[in-house]
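These notes are about the structure you will find just below.
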Amino acid sequence: MFNRLKNRVLTVVGPDIPALPSSGTGSGGGGSSGHHHHGRGGDDHHKGSLPEKFRYARPQFLQLLTYDELKASADHNVRPIIVPRDISLLPWSTGYAECVNSGKSEWNEDQAAFHRQVLSHPSKQYHDLPYTYFGTYDGHAGYGAALAASNQFHHILHEKLVDIIDLLMPRVESDDPVAIGPGVGLSAILPHPILFHKQVSKDELIVGALEAAFADMDAVLAEDRDKYRNAGGCTALVALFILGKLFVANAGDSRGVLCKRVHRKRAPNLRPPSFHEEGMNGD
Numbered sequence: 001m002f003n004r005l006k007n008r009v010l011t012v013v014g015p016d017i018p019a020l021p022s023s024g025t026g027s028g029g030g031g032s033s034g035h036h037h038h039g040r041g042g043d044d045h046h047k048g049s050l051p052e053k054f055r056y057a058r059p060q061f062l063q064l065l066t067y068d069e070l071k072a073s074a075d076h077n078v079r080p081i082i083v084p085r086d087i088s089l090l091p092w093s094t095g096y097a098e099c100v101n102s103g104k105s106e107w108n109e110d111q112a113a114f115h116r117q118v119l120s121h122p123s124k125q126y127h128d129l130p131y132t133y134f135g136t137y138d139g140h141a142g143y144g145a146a147l148a149a150s151n152q153f154h155h156i157l158h159e160k161l162v163d164i165i166d167l168l169m170p171r172v173e174s175d176d177p178v179a180i181g182p183g184v185g186l187s188a189i190l191p192h193p194i195l196f197h198k199q200v201s202k203d204e205l206i207v208g209a210l211e212a213a214f215a216d217m218d219a220v221l222a223e224d225r226d227k228y229r230n231a232g233g234c235t236a237l238v239a240l241f242i243l244g245k246l247f248v249a250n251a252g253d254s255r256g257v258l259c260k261r262v263h264r265k266r267a268p269n270l271r272p273p274s275f276h277e278e279g280m281n282g283d
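Each step along the sequence shown adds one to the number in the UniProt record's numbering, with nothing skipped, and position 93 is 93.
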């Protein structure tokens, strides 16, 4: 009853603010919604009866946690610029801002995510390797794909990095075989078999992990199209900071721009000393 009254008030105050998509009950946010405009005829009816994979939300670091905050972020009249309330949630003083595209989509279909992770080898014969990931996803024909990618891609990427962990991290020097750890056989001490066949740089391994993660994420989204509603599609732009380097990968028409620190320098005075005086005298 209270929610219905609140919806009426919000409709009067901001008639162009869309209602939140219905998430229904049960796991995965099942249930149908009256706000689906994707598909045609029977396909639209079929997709409207499918559950949502993830409940609609804005990026976690924005801390838009209430019903009213989510609705206000999609106000097509005001179009508020949303920034993180707590900038310390993002590493390295990273900046972020977003605004709904007025008149194009009911909801902001784009998503963003960041995660700080550590690669650790079970044998403890390698040093831990921290890394930081940023991702932005431009949703098309619905918010489902961008929302799914922002919630899942970092897990897939971590798995791909774990697969090459033996080749990324320097070994911990130890003359005592026992110090390596119990249950570690000779195969864990010898170099990785790939090193006997071809020299592959760490950069190439990381690029390969990113490419494999993109392919797996694309496969997941393809499977979700017939399982969940509001699937749609999305572009992707990922920045991975690891081993002191920045790796950038993208899919679709999203691009990254690398901006380096520029130090301002005073321009040399190339004019003759008498130039200013001559100008003042009109000569």
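A virtual CB, placed ideally from N, CA and C, is assigned to each residue, including glycine.
Just so you know, these numbers come straight off a predicted model, no measurement behind them.
{"query": "Do you know offhand how far residue 108's Cα is from residue 251's?", "result": "19 Å"}
{"query": "Which term fits residue 145, buried or exposed, when burial requires 16 or more other beta carbons within 10 angstroms of its beta carbon?", "result": "buried"}
{"query": "State the DSSP-derived secondary structure class of residue 121, mapped to helix, strand or coil.", "result": "coil"}
{"query": "Ordered along the chain, which non-local residues of its own chain (more than five positions away) have a Cβ less than 6 Å from that of residue 40?", "result": "Only weak support is given to the placement of residue 40: the predicted model assigns it a pLDDT of 46, under 50, and the value that follows is read from those uncertain coordinates. No residues qualify anywhere along the chain."}
{"query": "Does residue 238 pass the burial test, meaning 16 or more other C-beta atoms within 10 Å, or should it be called exposed?", "result": "buried"}
{"query": "Could you tell me the alpha carbon to alpha carbon distance between residue 264 and residue 126, rounded to whole angstroms?", "result": "43 Å"}
{"query": "Kindly confirm or deny that the stretch 212 to 230 and the stretch 147 to 157 touch, where touching means at least three C-beta pairs closer than 8 Å.", "result": "yes"}
{"query": "Would you mind sorting residue 52 into buried or exposed? The rule is 16 or more other CB atoms within 10 Å of its CB.", "result": "buried"}
{"query": "I'd like the span of the alpha helix (DSSP H) that includes residue 213, first residue to last.", "result": "202 to 224"}
{"query": "Using CA atoms only, rank isn't needed, just tell me which of 168, 201 and 84 is closest to residue 93.", "result": "84"}
{"query": "Does the distance from the CB of residue 76 to the CB of residue 103 come in under 8 Å?", "result": "yes"}
{"query": "Going by DSSP in three states, residue 158 sits in which element: helix, strand or coil?", "result": "helix"}
{"query": "Around the C-beta of residue 235, are 16 or more other C-beta atoms found within 10 angstroms, so that it is buried, or is it exposed?", "result": "buried"}
{"query": "Need the endpoints of the beta strand (DSSP E) that residue 131 sits in, please.", "result": "129 to 137"}
{"query": "Considering only C-alpha positions, which residue in the set 229, 228 and 243 is nearest to residue 205?", "result": "243"}
{"query": "Ends of the alpha helix (DSSP H) at residue 70?", "result": "67 to 73"}
{"query": "Since residue 133 and residue 150 are thought to touch, with beta carbons under 8 Å apart, how far apart are those beta carbons, to the nearest angstrom?", "result": "That pair is no contact at about 11 Å."}
{"query": "State the DSSP-derived secondary structure class of residue 263, mapped to helix, strand or coil.", "result": "coil"}
{"query": "Return the CA-CA distance between residue 124 and residue 221, expressed in angstroms with no decimal places.", "result": "35 Å"}
{"query": "Within its chain, find whatever has a CB closer than 8 Å to the CB of residue 284; leave out the 5 residues flanking it on each side and keep chain order.", "result": "What the structure shows of the chain is the stretch from 1 to 283, and residue 284 is not part of that stretch, so it cannot be assessed."}
{"query": "Going by beta carbon distance, what residues of the same chain come within less than 6 Å of residue 9, once the five residues before and after it are set aside?", "result": "Because residue 9 carries a pLDDT of 40, less than 50, the predicted location of this residue cannot be relied on, and no value is offered for it."}
{"query": "Would you grab the beta carbon distance between residue 164 and residue 209 for me? Rounded to a whole angstrom, and I think it's under 8 Å.", "result": "6 Å"}
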